[in-house]
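FYI, in our numbering the residues of the sequence shown are 3 to 440.
We treat Cβ as the ideally placed atom computed from N, Cα and C, and that holds for glycine.
In what follows, a structure is listed as structure tokens, so that the remarks can point back to it.
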Amino acid sequence: MATHPAPRFPDGFLWGVSTSAHQIEGAVQLREPSVWDVFTAGPGRVKDGSTAAVACDHYHRYREDVALLADLGVDAYRFSVSWPRVNSPGGLDFYDRLVDALRAAGVRPVPTLFHWDLPAGLDWLERDTASRFARYVSVVADRLGDRVDKWITLNEPAEHTLLGHALGAHAPGGELLFDALPVAHHQLLAHGLAVRALRASGATDVGIANSHGPTWPASDGPADREAADLYDVLLNRLFADPVLTGRYPDGIGELMPGDVPADLKIIAEPLDWYGVNYYAPARVGAPRGAETGFGGLTLPAELPFSVRGIEDRPRTDSGWPVVPEGLTELLTGFRDRYGDRLPPIVITENGCAYDGLDDQDRITYLDGHVRALHRALEAGVDVRGYFVWSLLDNFEWAEGYARRFGLVHVDFATLERTPKASYRWFRDLLRRQGRRTR
Ligand code: IFM
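Below you can see the structure in the form of structure tokens.
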């Protein structure tokens with residue numbers, strides 16, 4: 003564990019923690035179903051056979067969770083708004099109460115408008131889902147916009163496309179491989195339309211939360227480099243380039259549906275900041291003609307790349323390698339690639355799965371990444387905030403409750419919350435950055 007205090011970040015730097023609706027809220031009977039409710043009802047979808055029907059019961063216990071945030075001393079709390087809940091009677095009232103409680107506790111609310119829990123019956127393969135999303139965004143912004151100023155349109159459209167529509171590991175369970183590309187385009191279009199809807203309601207602080215990580219070729223050989231480049235296009239640039247430059251990477255635009263040049267103008271609506279979720283780099287090589295593992299998943303042999311292990315690093319309980327300097331590399335690489343087109347960056351997620359209340363491994367992980375972030379600042383990257391994933395242990399999608407990402411332990415039998423060593427570590431870090439518990 004680190005013995006030196008983390009370096010000082012600039013005044014005004016935004017420190018926070020993140021969660022998402024489906025992973026913590028529970029109270030599913032009070033809202034219409036989402037694609038995740040439908041997906042988890044099927045056999046064998048979630049490793050421990052669990053569902054998010056109760057999860058952390060945050061819907062009923064949000065006051066306790068807001069008190070944990072206030073005691074932690076964060077500036078901001080990133081949560082997501084459940085579209086199916088907003089569609090249900092009284093659903094928006096919950097977010098009203100949550101936002102009011104956060105503000106009363108001196109914590110800035112930062113809602114994400116889509117974090118994978120699409121209303122059942124809608125489908126990102128349909129273009130119309132994007133305009134429906136924009137209408138829902140207007141409803142939420144009209145209701146909360148007098149108390150919320152910082153907004154996130156989408157969370158990780160890359161993972162939602164890949165895991166949910168290409169590989170079948172997440173809801174809605176599509177196994178379309180490259181035929182899932184329209185899902186990416188329609189989410190990006192939804193992002194751009196949502197930016198316009200938010201602006202129309204007066205919002206002035208709008209971003210997206212895209213997941214990114216460096217792609218390391220397995221070797222210098224041309225086949226490995228070519229495979230790694232394709233992976234980088236599909237997981238990183240496909241989602242950053244259109245938003246930041248108004249163009250798809252070469253060869254991608256032709257594969258997308260609709261009037262792509264017109265859509266790109268919408269997708270590239272200027273943002274106030276760009277959110278990056280960072281967990282680990284990927285080492286990628288040429289296909290090996292056999293299935294390969296990828297973060298606990300099995301990738302089909304027909305993909306034009308294979309994901310290799312990063313063996314010389316410690317691993318989290320999810321099996322993900324711990325590579326803090328990958329964050330510095332990623333951010334300086336973004337600055338070099340996108341230059342003036344890159345708005346200020348906010349790290350909207352960073353964290354790790356480890357068991358136990360005395361979670362020294364999480365402290366080591368977070369400490370290393372906070373330092374790596376500071377090195378990016380020193381290198382001239384304009385970074386304005388850092389959010390830990392996550393406040394609470396929660397429903398980790400297809401992994402169920404077996405992967406614990408929280409600063410706060412949740413006993414899923416009693417729903418009791420217990421702050422972990424990492425919670426106290428983060429609180430101390432925030433105090434040294436001049437934040438006070440409230
Ligand atoms: O739990 C997820 C979150 O919903 C999206 N980003 C990655 C986290 C850890 O897997």
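Delimiting residues of the alpha helix (DSSP H) encompassing residue i
| i | result |
| --- | --- |
| residue 228 | 224–234 |
| residue 401 | Per DSSP, residue 401 belongs to no alpha helix (DSSP H) and is neither H nor E. |
| residue 26 | 23–26 |
| residue 327 | 327–340 |
| residue 137 | 130–146 |
| residue 286 | Per DSSP, residue 286 belongs to no alpha helix (DSSP H); it is in the beta strand (DSSP E), 284–287. |
| residue 263 | 262–269 |
| residue 40 | 37–43 |
| residue 247 | 240–247 |
Residue from the options with nearest C-alpha to residue i
| i | options | result |
| --- | --- | --- |
| residue 99 | 134, 137, 60 and 328 | 60 |
| residue 374 | 197, 328 and 431 | 328 |
| residue 34 | 344, 55, 368 and 436 | 55 |
| residue 371 | 399, 428 and 300 | 428 |
| residue 173 | 137, 121 and 217 | 121 |
| residue 220 | 71, 258 and 290 | 290 |
| residue 421 | 411, 279 and 430 | 411 |
| residue 76 | 109, 164 and 48 | 109 |
| residue 252 | 232, 260, 92 and 324 | 232 |
| residue 384 | 6, 14 and 8 | 14 |
| residue 283 | 382, 186, 325 and 199 | 325 |
| residue 12 | 255, 151, 378 and 222 | 378 |
| residue 441 | 431, 413, 288 and 399 | With the chain represented from 3 up to 440, any question about residue 441 goes unanswered, as that position is not in the structure. |
| residue 6 | 437, 439, 430 and 151 | 430 |
| residue 366 | 97, 24, 316 and 31 | 316 |
| residue 280 | 288, 214 and 234 | 214 |
| residue 295 | 322, 271 and 318 | 322 |
| residue 142 | 161, 164, 204 and 415 | 204 |
| residue 201 | 94, 151, 21 and 381 | 151 |
| residue 194 | 307, 135 and 369 | 135 |
| residue 18 | 97, 36, 364 and 70 | 70 |
| residue 293 | 169, 364 and 414 | 169 |
| residue 396 | 10, 363, 23 and 9 | 23 |
| residue 402 | 26, 29, 53 and 9 | 53 |
| residue 345 | 271, 260, 229 and 178 | 271 |
Residue i, enclosing beta strand (DSSP E) - first and last residue
| i | result |
| --- | --- |
| residue 312 | Run containing residue 312: none; DSSP gives neither H nor E here. |
| residue 20 | 16–20 |
| residue 276 | 276–279 |
| residue 300 | 299–301 |
| residue 47 | First-last for residue 47: undefined, no H or E at that position. |
| residue 111 | 110–116 |
| residue 296 | 294–296 |
| residue 410 | 410–412 |
| residue 419 | 419–421 |
| residue 351 | 347–351 |
Neighbour-count burial assignment, residue i, 16 or more Cβ in a 10 Å radius
| i | result |
| --- | --- |
| residue 117 | buried |
| residue 180 | exposed |
| residue 330 | buried |
| residue 303 | exposed |
| residue 87 | buried |
| residue 166 | buried |
| residue 31 | exposed |
| residue 418 | exposed |
| residue 318 | buried |
| residue 381 | exposed |
| residue 256 | exposed |
| residue 21 | buried |
| residue 285 | buried |
Next item on the list: Please determine if the segment 265–283 and the segment 225–241 are in contact, where contact requires at least 3 C-beta pairs separated by less than 8 Å.
Entry: no
Notebook entry, point to check: What alpha helix (DSSP H) runs, 4 residues minimum, are completely inside the segment 51–101?
Noted result: Taking only runs of at least 4 residues, the alpha helix (DSSP H) segments lying wholly in the segment 51–101 are 60–74 and 85–88.
Check: Hey, is the segment 96–113 in contact with the segment 79–87, meaning 3+ C-beta pairs nearer than 8 Å?
Finding: They touch, by the three-pair rule.
Margin query: Does the structure place the segment 121–136 close enough to the segment 65–78 that three or more beta carbon pairs sit under 8 Å?
Written below: By the C-beta criterion, the segment 65–78 is judged not to be in contact with the segment 121–136, since fewer than 3 inter-stretch pairs fall below 8 Å.
Item checked: Segment contact, 8 Å Cβ cut-off, at least three pairs: the segment 154–171 with the segment 190–198 -> The segment 154–171 vs the segment 190–198: in contact.
Item checked: Validate contact between the segment 199–217 and the segment 273–283 using beta carbons, cut 8 Å, 3 pairs -> yes
Item checked: Inter-stretch contact (C-beta, 8 Å, three-pair minimum) for the segment 100–110 and the segment 41–50 -> No: the two stretches stay apart, fewer than three of their Cβ pairs being nearer than 8 Å.
Next item on the list: Please determine if the segment 299–314 and the segment 244–255 are in contact, where contact requires at least 3 C-beta pairs separated by less than 8 Å.
Entry: no
Check: In chain order, which continuous runs of the beta strand (DSSP E) of length 3 or greater are located wholly inside the segment 158–220?
Finding: 207–213 and 217–219
Notebook entry, point to check: Are three or more beta carbon pairs between the segment 330–339 and the segment 390–400 nearer than 8 Å?
Noted result: Contact between the segment 330–339 and the segment 390–400 is absent, because fewer than three Cβ pairs lie under 8 Å.
Next item on the list: Would you check if there are 3 or more beta carbon pairs closer than 8 Å linking the segment 347–359 to the segment 406–416?
Entry: yes
Note to self: So within the segment 364–403, which uninterrupted beta strand (DSSP E) runs reach at least 3 residues, ignoring any that extend past its ends?
What the structure shows: Listed in chain order, they are 385–391.
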